[in-house]
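One structure is given below, encoded as structure tokens.
In the working numbering, the protein residues as written are 918 to 1209.
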């Protein structure tokens, strides 16, 4: 993928893997409402708490351009996706949105700070009670650093996870977590092994309770999804999501209860469509079906 793929307790893990996936290892299911699907590559969805609003990234099939799209469930159907009001002007690109639970802030990545470099930084934009979006704000160092930052995702405690190919990592790209102190300053650390590996780890989605992590990693056979659970202070890998081997997967998004995963992969002639996969049986249905 252009501008993205360049980022370059064993018994416990087995038990957790069984709990997460169940015995059946169900196949991911296509989630493709007609109004939201396109011939382009759609990925990195984020939903409002009530499920009636979705933001996502739309790229052309060759990954030469990226932009943010927005749609709502109105009168029992999804509205046609439209570019966000704060969209960057070409040739700058926006991608990887994340809407906070209260719906008042959207994190995303953008090249608008230096379009010619094609390096993504993390930005955010706030929404007023009237629904109007303000001016986007670029997040400070050390969150943004040399290289690209990808897929910002925040848990309920305010820990911000993202991928980056900044210098000093364990591989071509690593997973980082940022936390804001009482003085407003941010500290950033590499999540470390086993989440960050000698390979290309460049996206990470965290559950709201901070106990489940899903990463996108290219370990030499395309980018696929890997699941981790927290045990004490450590992350334990439980295995790979059983998606297709012949195409890559990106853009993991977890349901509010962490039971269902959504991601993007190719589907037939469509370069990128949304799929869901149940990580923990018994969770609440998600995403909410528009019209019910």
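All C-beta atoms, glycine included, are put in the ideal place defined by N, C-alpha and C.
From the listed residues 1105, 1106 and 1169, the smallest Cα separation to residue 1014 is found for 1169. Within the segment 1133–1192, complete alpha helix (DSSP H) segments of at least 4 residues are not found at all. Here residue 986 is not near residue 1012, since their CB atoms are 7 Å or more apart. Secondary structure note for residue 1010: it is in no beta strand (DSSP E), with a DSSP letter that is neither H nor E. If you draw a straight line from the Cα of residue 1139 to the Cα of residue 1181, it is about 14 Å long. In the structure shown, residue 945 falls within a coil segment according to DSSP collapsed to helix, strand and coil. Going by DSSP, residue 1097 is part of the beta strand (DSSP E) stretching over 1091–1097. The C-beta separation of residue 945 from residue 1194 comes to about 4 Å, placing the pair in contact by the 8 Å criterion. For residue 1100, no beta strand (DSSP E) segment is defined, and its DSSP state is neither H nor E.
Judged by DSSP secondary structure, residue 959 falls within the beta strand (DSSP E) whose first and last residues are 958–964. Take the alpha-carbon of residue 1199 and the one of residue 1110: they are about 30 Å apart. At the C-beta level, residue 1075 and residue 1124 stay beyond 7 Å of one another. Here residue 1000 carries a strand assignment [DSSP, helix/strand/coil]. Secondary-structure assignment with DSSP links residue 1107 through a beta bridge to 1093.
Short of 6 Å from the beta carbon of residue 950, and not among the five residues preceding or following it, lie these beta carbons of its own chain, in chain order: 995.
With respect to residue 1002, residue 1040 sits apart: the two C-beta atoms are not nearer than 7 Å.
For the pair residue 1100 and residue 1000, the Cα-to-Cα distance works out to about 35 Å.
Residue 947 and residue 978 have their C-alpha atoms roughly 19 Å apart.
Here residue 1032 carries a helix assignment [DSSP, helix/strand/coil]. Taking a C-beta distance under 7 Å as the contact criterion, residue 1016 and residue 1042 do not qualify as a contact pair.
By alpha-carbon distance to residue 1204, the top candidate from 1085, 1036, 959 and 969 is 969.
Under the DSSP definition of a beta bridge, residue 1038 partners with 1027. Looking at the DSSP output, residue 987 sits in a beta bridge with 972 and 999. Nearest C-alpha to residue 1151 among 1026, 1130 and 1166: 1130. Look at residue 1205 here: in three-state DSSP terms it is coil, with no helix or strand label. Counted as a single uninterrupted DSSP element, the beta strand (DSSP E) harbouring residue 1071 occupies residues 1066–1071.
Of all alpha-carbon atoms in 1173, 1165 and 1192, the one lying nearest the alpha-carbon of residue 953 is that of 1192. For residue 1131, DSSP records a beta bridge to 1122 and 1144.
Collapsing the DSSP output to three states places residue 1016 in a strand. Excluding its 5 nearest sequence neighbours in each direction, residue 1147 has C-beta neighbours in its own chain below 6 Å: 1128, listed in chain order. If you draw a straight line from the Cα of residue 1055 to the Cα of residue 993, it is about 36 Å long.
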